[in-house]
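Protein sequence lines correspond, in order, to chains A and B.
For the first sequence, my numbering assigns the number 2 to the initial residue and increments by one for each residue that follows.
For the second sequence, my numbering assigns the number 2 to the initial residue and increments by one for each residue that follows.
All C-beta atoms, glycine included, are put in the ideal place defined by N, C-alpha and C.
Quick caveat: nothing in here was measured; it's all calculated off a predicted structure.
Protein chains: 2
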Amino acid sequence: MLSERQRMILSAIVDDYIRSAEPVGSRSISKRSDVSFSPATIRNDMADLEELGLLEQPHTSAGRIPSIKGYRYYVDHLIRLGGVKEQDVKRLRGLVAEKMNHWEGAVSHAATIVSQLTNYTSIVLGPDSFHTSLKHFQLLPLTETTAVAIVVANTGHVEHRTITLPEGVSMDDMRRIASLLNDKLTGVPFYKVKTVLYTEVANELSSYIDHCEHILTLLEDTLKEETEPKVYLSGATNILTQPEFKDVDKVKGILDVLEETPRLMQLFQSLSEGIQVRIGTENGVEAINQCSLVTATITADGHLLGTIGILGPTRMEYGKVIGLLDYLSGDLTRLYNRLYK
Amino acid sequence: MLSERQRMILSAIVDDYIRSAEPVGSRSISKRSDVSFSPATIRNDMADLEELGLLEQPHTSAGRIPSIKGYRYYVDHLIRLGGVKEQDVKRLRGLVAEKMNHWEGAVSHAATIVSQLTNYTSIVLGPDSFHTSLKHFQLLPLTETTAVAIVVANTGHVEHRTITLPEGVSMDDMRRIASLLNDKLTGVPFYKVKTVLYTEVANELSSYIDHCEHILTLLEDTLKEETEPKVYLSGATNILTQPEFKDVDKVKGILDVLEETPRLMQLFQSLSEGIQVRIGTENGVEAINQCSLVTATITADGHLLGTIGILGPTRMEYGKVIGLLDYLSGDLTRLYNRLYK
DNA sequence: GATTAGCACTCATGATCGTTGAGTGCTAAC
DNA sequence: GTTAGCACTCAACGATCATGAGTGCTAATC
Numbered sequence: 002m003l004s005e006r007q008r009m010i011l012s013a014i015v016d017d018y019i020r021s022a023e024p025v026g027s028r029s030i031s032k033r034s035d036v037s038f039s040p041a042t043i044r045n046d047m048a049d050l051e052e053l054g055l056l057e058q059p060h061t062s063a064g065r066i067p068s069i070k071g072y073r074y075y076v077d078h079l080i081r082l083g084g085v086k087e088q089d090v091k092r093l094r095g096l097v098a099e100k101m102n103h104w105e106g107a108v109s110h111a112a113t114i115v116s117q118l119t120n121y122t123s124i125v126l127g128p129d130s131f132h133t134s135l136k137h138f139q140l141l142p143l144t145e146t147t148a149v150a151i152v153v154a155n156t157g158h159v160e161h162r163t164i165t166l167p168e169g170v171s172m173d174d175m176r177r178i179a180s181l182l183n184d185k186l187t188g189v190p191f192y193k194v195k196t197v198l199y200t201e202v203a204n205e206l207s208s209y210i211d212h213c214e215h216i217l218t219l220l221e222d223t224l225k226e227e228t229e230p231k232v233y234l235s236g237a238t239n240i241l242t243q244p245e246f247k248d249v250d251k252v253k254g255i256l257d258v259l260e261e262t263p264r265l266m267q268l269f270q271s272l273s274e275g276i277q278v279r280i281g282t283e284n285g286v287e288a289i290n291q292c293s294l295v296t297a298t299i300t301a302d303g304h305l306l307g308t309i310g311i312l313g314p315t316r317m318e319y320g321k322v323i324g325l326l327d328y329l330s331g332d333l334t335r336l337y338n339r340l341y342k
Numbered sequence: 002m003l004s005e006r007q008r009m010i011l012s013a014i015v016d017d018y019i020r021s022a023e024p025v026g027s028r029s030i031s032k033r034s035d036v037s038f039s040p041a042t043i044r045n046d047m048a049d050l051e052e053l054g055l056l057e058q059p060h061t062s063a064g065r066i067p068s069i070k071g072y073r074y075y076v077d078h079l080i081r082l083g084g085v086k087e088q089d090v091k092r093l094r095g096l097v098a099e100k101m102n103h104w105e106g107a108v109s110h111a112a113t114i115v116s117q118l119t120n121y122t123s124i125v126l127g128p129d130s131f132h133t134s135l136k137h138f139q140l141l142p143l144t145e146t147t148a149v150a151i152v153v154a155n156t157g158h159v160e161h162r163t164i165t166l167p168e169g170v171s172m173d174d175m176r177r178i179a180s181l182l183n184d185k186l187t188g189v190p191f192y193k194v195k196t197v198l199y200t201e202v203a204n205e206l207s208s209y210i211d212h213c214e215h216i217l218t219l220l221e222d223t224l225k226e227e228t229e230p231k232v233y234l235s236g237a238t239n240i241l242t243q244p245e246f247k248d249v250d251k252v253k254g255i256l257d258v259l260e261e262t263p264r265l266m267q268l269f270q271s272l273s274e275g276i277q278v279r280i281g282t283e284n285g286v287e288a289i290n291q292c293s294l295v296t297a298t299i300t301a302d303g304h305l306l307g308t309i310g311i312l313g314p315t316r317m318e319y320g321k322v323i324g325l326l327d328y329l330s331g332d333l334t335r336l337y338n339r340l341y342k
């Protein structure tokens, strides 16, 4: 149980440290206009807060900085959400503007804008395979033995792949296969596609084609890429402007995670709906122990359409970021409804 | 005119500096087993080489490092091309392997492998609009008022975009437009598409549809994306392992260029065929004054199919990199021929 | 005339050491 | 419970100095 004054002090220390990136001393807090206690009083409370694990001291004669637990308390109990600035609203308006008729474009554009407005890194995930289904499958011949397979999802996302026809399978065969796939698979969610492929489709296919397995593997491969959500990244280098990341080696680890999509996806595992904040080690990824990730899900009638994440130092402007994400996720939901309803 | 000994000394300094990243002194050269001159002699030559602008001295009592002009001379006259190592060949083999039947996949995979083998950053450009043509155009309805436009290039590259139908234009109209486009545009190189669109297509279109201009702009927009070559980047963070880039601010500038595709493309302007080396300021881009870029074009019967670039510090292992690119561009050309001939 | 040994000189690097000042914890007074 | 006072701590900074790698020059040697 924290006293009112302790809460105020913790809040002040977090705010100050977020601004300055330097340990905060008792004197500088007592000087604030809204504070009427002497440094000594504040020191006592600071010692208590440190005992509770909410503050840390880099060394004996330095001020205090928030611990991860301290940030957590701040985010859960003390934070004041930042409104979105007038000028920022204007830029975001563009996303739902009349001319924007391209979901993927809007989403990736959102990533860019958010990273610019916050000066952090933004990571945006497209819809996952649980909530997208196959809309259309098509084969376009390129040469006599190659063709482009095109997979369209109900979100308008398109994935493609060049395939080489197996020996003994003609382009005509493939055309028939394509139309069979459209019959059987249209409307099927992607996570079920594999099952349907190996039951219903396999059955019919085996009746008039021999090299069944080979073709099925080929098709499965082609459809698999759709299963993984698309990732849009923006402002990856913003982390370099933060004073606590002046050290190249620290930064390397973080940028490496950003560069490898699978490791990046790991960060987004087991997120619940709405806005979520993960501070430092809470992320469970060694390399970004010193970063926080704020995520917001975009949903329309129960469907997860995507996730927006903002990655910055633990010393992140949580209030501003959460406010922005809250606003943005609403905007994107509206856009989605306009496009696909 | 450099004497034989001066050439040998320059070569030794470049080699040593590439390895160690530290200024090279006269003594360390004279110690090499293949050198039989005293440090004093070497010092005299070093002074001459410095006068010629081929070497530089960080400060009076330090050894010499190559200047940009020095690297240039080295690359043009002294370099010994590195063969490709057995184990590296094995990894590259995978690219042309039977199972690899996907040009874009191979190209992006090549980028990854090269960046790993060299520890530099690799940048791979897909075919540009001068050498690709439209293979197929298709519209797939998503909802009543939206559709996915899919553009397939003769390389197998696919670009897509969700469009909202203009008022008063039915899905049937669009279907007719799509079939008209396929008639008129199939086989047309992308750089000519815009012209054809506004002459031949516009003519016929206006005869049975009113809102002609709006639709044309929409189509032009859709096709435009294909005009810009795709960029694959890999190993962007490798630059962080170089000792001369321990400074975060230096690195930020470089990574920023890599993050923004248009600025990245600027680097590839006006490249001639074959392998080309651009050292430091020769790149003409402020932020990467301290980097070198080695590029190789991939061509098949006169068509530019792509470009592979390797970006590293000016202190780059030119011999190894050039050898690797030479090998790789041959491999990719073979792959292309197998896939599309 | 080219090469080399010898030597004085330069200068970045790194260690040592005292100074400074921000900040703390404790005690005693308010 | 709050605060003034004070001794104490310690990172950061700057000054000073030793070290040594490397140079340029001169004079001797091949």
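Neighbouring residues, chain B, relative to residue i (Cβ below 7 Å)
{"i": "V149 (chain A)", "result": "V153, G157 and V159"}
{"i": "A22 (chain A)", "result": "The contacting residues do not exist; A22 (chain A) stays about 14 Å from chain B at best."}
{"i": "L329 (chain A)", "result": "Neighbours of L329 (chain A) on chain B: none; closest Cβ ~20 Å, over 7 Å."}
Burial state of residue i, where buried means 16 or more other Cβ atoms lie within 10 Å
{"i": "H78 (chain B)", "result": "exposed"}
{"i": "L326 (chain B)", "result": "buried"}
{"i": "M172 (chain B)", "result": "exposed"}
{"i": "D302 (chain B)", "result": "exposed"}
{"i": "H304 (chain B)", "result": "exposed"}
{"i": "S68 (chain A)", "result": "buried"}
{"i": "E318 (chain A)", "result": "buried"}
{"i": "E261 (chain B)", "result": "exposed"}
{"i": "N284 (chain A)", "result": "buried"}
{"i": "L82 (chain B)", "result": "exposed"}
Selection from the options that minimises the alpha carbon distance to residue i
{"i": "V125 (chain A)", "options": "A:P314, A:L306, A:E318 and A:R339", "result": "A:L306"}
{"i": "D257 (chain A)", "options": "B:I19, B:T122, B:Y18 and B:D129", "result": "B:T122"}
{"i": "V232 (chain A)", "options": "A:S27, A:T113 and A:Y328", "result": "A:T113"}
{"i": "S4 (chain A)", "options": "A:L53, A:D35, A:S31 and A:R33", "result": "A:L53"}
{"i": "L336 (chain B)", "options": "B:V322, B:L93 and B:V15", "result": "B:L93"}
{"i": "V85 (chain B)", "options": "B:R339, B:S330 and B:T334", "result": "B:S330"}
{"i": "N239 (chain B)", "options": "B:E145, B:S116 and B:Y75", "result": "B:S116"}
{"i": "R316 (chain A)", "options": "A:E227, A:P244 and A:T196", "result": "A:P244"}
{"i": "L224 (chain B)", "options": "B:G324, B:L241 and B:T163", "result": "B:T163"}
{"i": "L182 (chain A)", "options": "A:Y199, A:G310 and A:E105", "result": "A:Y199"}
{"i": "L50 (chain B)", "options": "B:S29, B:S39, B:Y74 and B:T144", "result": "B:Y74"}
{"i": "E105 (chain A)", "options": "A:N155, A:L312, A:G324 and A:M47", "result": "A:N155"}
{"i": "T300 (chain B)", "options": "B:G95, B:F38, B:D129 and B:P59", "result": "B:D129"}
{"i": "P190 (chain A)", "options": "A:I323, A:K136 and A:S109", "result": "A:K136"}
{"i": "N290 (chain B)", "options": "B:S62, B:G310 and B:G254", "result": "B:G254"}
For residue j and residue i, the rounded distance between their alpha carbons
{"i": "S1 (chain B)", "j": "N204 (chain A)", "result": "Residue 1 (chain B) lies beyond the residue range present for chain B, which begins at 2 and ends at 342; the question has no answer from this structure."}
{"i": "I276 (chain A)", "j": "H161 (chain B)", "result": "31 Å"}
{"i": "T133 (chain A)", "j": "F246 (chain A)", "result": "39 Å"}
{"i": "V15 (chain B)", "j": "E168 (chain A)", "result": "53 Å"}
{"i": "N120 (chain A)", "j": "T308 (chain A)", "result": "19 Å"}
{"i": "P142 (chain B)", "j": "A148 (chain B)", "result": "4 Å"}
{"i": "M2 (chain A)", "j": "L265 (chain B)", "result": "55 Å"}
{"i": "A288 (chain B)", "j": "F269 (chain B)", "result": "15 Å"}
{"i": "L186 (chain B)", "j": "Y18 (chain B)", "result": "55 Å"}
{"i": "I30 (chain B)", "j": "P24 (chain B)", "result": "11 Å"}
{"i": "K91 (chain B)", "j": "L312 (chain B)", "result": "23 Å"}
{"i": "R6 (chain A)", "j": "L294 (chain A)", "result": "29 Å"}
{"i": "V252 (chain A)", "j": "T228 (chain B)", "result": "35 Å"}
{"i": "V153 (chain A)", "j": "V278 (chain B)", "result": "42 Å"}
Contacts of residue i in chain B (Cβ-Cβ under 8 Å)
{"i": "H137 (chain A)", "result": "L141"}
{"i": "T296 (chain A)", "result": "By Cβ distance, chain B contributes nothing, its closest Cβ being about 22 Å from T296 (chain A), past 8 Å."}
Contact set between residue i and chain B, taken where Cβ atoms lie within less than 9 Å
{"i": "A301 (chain A)", "result": "Residues of chain B passing the Cβ test: none, with the nearest at roughly 13 Å."}
Contacts of residue i in chain A (Cβ-Cβ under 8 Å)
{"i": "D257 (chain B)", "result": "T238"}
Closer than 7 Å: residue i CB and nearest the ligand FAD heavy atom
{"i": "S123 (chain B)", "result": "As presented, the structure is devoid of all ligands, the ligand FAD included, so that no description of it is given."}
Near-chain B residues of the stretch 236–252 of chain A (beta-carbon distance less than 9 Å), N- to C-terminal order: G236, A237, T238, L241, T242, F246, K247, D248, V249, D250 and V252
For the stretch 260–283 of chain A, which residues have a CB atom closer than 9 Å to at least one CB atom of chain B, in sequence order? E260
For the stretch 163–191 of chain B, list every residue whose C-beta sits within 8 Å of some C-beta in chain A, in sequence order. T163, I164 and T165
Taking a cut of 8 Å between CB atoms, which residues from the stretch 308–340 of chain A lie near chain B? L340
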